[in-house]
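Chemist: What follows is a structure written as structure tokens; I'll ask about it next.
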Amino acid sequence: MKGKSELIRKSIGASLLIALGDYALLKLGNPIGPVIFALGLLGVCYMGQNLFTGKCGFLFQDKIKVLDLFIILAVNLITGYLIGMVFSIVDDSVKSAAVSKVTSWTFDLPMLIKSILCGVIMYIAVFMYRKGTPLGIIFGIPLFIFCGFQHCIANVITMGVAITFDASLIICVLGNFFGSIVMWFITKDANILKAK
Numbered sequence: 126m127k128g129k130s131e132l133i134r135k136s137i138g139a140s141l142l143i144a145l146g147d148y149a150l151l152k153l154g155n156p157i158g159p160v161i162f163a164l165g166l167l168g169v170c171y172m173g174q175n176l177f178t179g180k181c182g183f184l185f186q187d188k189i190k191v192l193d194l195f196i197i198l199a200v201n202l203i204t205g206y207l208i209g210m211v212f213s214i215v216d217d218s219v220k221s222a223a224v225s226k227v228t229s230w231t232f233d234l235p236m237l238i239k240s241i242l243c244g245v246i247m248y249i250a251v252f253m254y255r256k257g258t259p260l261g262i263i264f265g266i267p268l269f270i271f272c273g274f275q276h277c278i279a280n281v282i283t284m285g286v287a288i289t290f291d292a293s294l295i296i297c298v299l300g301n302f303f304g305s306i307v308m309w310f311i312t313k314d315a316n317i318l319k320a321k
């Protein structure tokens, strides 16, 4: 039971870190917001927290149980949404920015492709961190935001701020997972360091 409680605790921690980055993005916008957002994933990696999009590409390499990955995803989504709701109470300006973003999302092929490409970048960012450099995070996170690629945990936080739900989250989760797995498959022969 201790293992599951730690899994949940670290998943909550990851949600909070990404939520802080998303808050900065909603509050500051371009070009500062995407750069500051990178702090979220830096915190996740250096503090050893459980973020679905940082774990799914390493599912086979790290021998992560599918149930554990599902728990990470569920906790990230639920706590991310709840933290987003708290942000909506704190600051009306981020709520209006969140509503605007959510209404721009669509349940279609372009959204899926944007989600897959985000998954690719997330895998590269964590891969590079495991190789000993934060540069993949520092450049990769602003890159996917500037390009309009879609990150499922950031999106659910934004939905929480907007106090709404959009079905595009479903294809965003699938796209992030698929993009990460594709990059793992392409690079699986590389000498990747084990998870910390």
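Residues in the sequence shown are numbered consecutively from 126, following this note's numbering. Built from N, CA and C at the ideal position, the CB exists for glycine as well. Quantities reported herein were computed from a predicted structural model and do not represent experimental measurements.
Report yes if the CB atom of Cys297 is closer than 8 Å to the CB atom of Ser240, and no otherwise.
Modeler: Counted from its first residue, the sequence shown places residue 297 at position 172. Counted from its first residue, the sequence shown places residue 240 at position 115. Result yes, Cβ atoms of Cys297 and Ser240 sit closer than 8 Å.
Chemist: With a CB to CB cut of under 6 Å and the five nearest residues on each side skipped, what residues in its chain are close to Gly285?
Modeler: Looking up residue 285 in the sequence shown gives position 160. So the qualifying residues of the chain are Tyr206, Gly209 and Met210.
Chemist: Taking the beta carbon of Phe185 as the centre, do at least 16 other beta carbons fall within 10 Å, making it buried, or is it exposed?
Modeler: The residue you call residue 185 lines up with position 60 of the sequence shown. With fewer than 16 Cβ atoms within 10 Å of its Cβ, Phe185 is classed as exposed.
Chemist: How about Lys220 and Ser213: are their beta carbons less than 8 Å apart?
Modeler: Within the sequence shown, the letter at position 95 stands for residue 220. Within the sequence shown, the letter at position 88 stands for residue 213. Annotated as proximal: Lys220 and Ser213, with beta-carbon spacing under 8 Å.
Chemist: Would you call the CB atoms of Gly244 and Asn301 closer than 8 Å?
Modeler: Taking the sequence shown and counting its residues from 1, one reaches residue 244 at position 119. Taking the sequence shown and counting its residues from 1, one reaches residue 301 at position 176. Taking the C-beta atoms as reference points, Asn301 is found nearer than 8 Å to Gly244.
Chemist: How do the region 186-198 and the region 287-295 stand: do at least 3 beta-carbon pairs fall below 8 Å, yes or no?
Modeler: The region 186-198 is not in contact with the region 287-295.
Chemist: From Ile278 to Ile137, what does the alpha carbon distance come to, in whole angstroms?
Modeler: Looking up residue 278 in the sequence shown gives position 153. Looking up residue 137 in the sequence shown gives position 12. Taking the straight line joining both Cα atoms gives about 12 Å.
Chemist: Please confirm whether Ala163 and Pro267 have their CB atoms less than 8 Å apart.
Modeler: As a working note, residue 163 is residue 38 in the sequence shown. As a working note, residue 267 is residue 142 in the sequence shown. Going by C-beta atoms, Ala163 is nearer than 8 Å to Pro267.
Chemist: Secondary structure at Trp309, three-state DSSP: helix, strand or coil?
Modeler: As a first step, residue 309 is located in the sequence shown; it is residue number 184 there, counting from the start. Helix at Trp309.
Chemist: Quick one: complete alpha helix (DSSP H) runs, 4+ long, within the region 136-175?
Modeler: Runs found: 157-171.
Chemist: Could you pull out every residue in the same chain whose Cβ sits closer than 6 Å to the Cβ of Val160, ignoring the five residues on either side in sequence?
Modeler: Numbered from 1 along the sequence shown, position 35 holds the residue referred to as residue 160. Close CB contacts of Val160 within its chain, under the 6 Å cut and outside five residues either way in sequence, are with Pro267 (chain order).
Chemist: Determine the direct distance from the alpha carbon of Asp216 to that of Val251, and round the result to whole angstroms.
Modeler: Within the sequence shown, residue 251 is the residue found at index 126, counting from 1. Within the sequence shown, residue 216 is the residue found at index 91, counting from 1. One C-alpha to the other measures close to 31 Å.
Chemist: Enumerated in chain order, which unbroken segments of the alpha helix (DSSP H) with a length of 4 residues or greater are wholly contained in the region 211-299?
Modeler: Correct list: 217-229, 234-255, 260-271 and 277-287.
Chemist: Would the beta-carbon of Ile270 fall within 8 Å of that of Leu150?
Modeler: Within the sequence shown, residue 270 is the residue found at index 145, counting from 1. Within the sequence shown, residue 150 is the residue found at index 25, counting from 1. Against a cut-off of 8 Å, the Cβ pair of Leu150 and Ile270 comes out as a contact.
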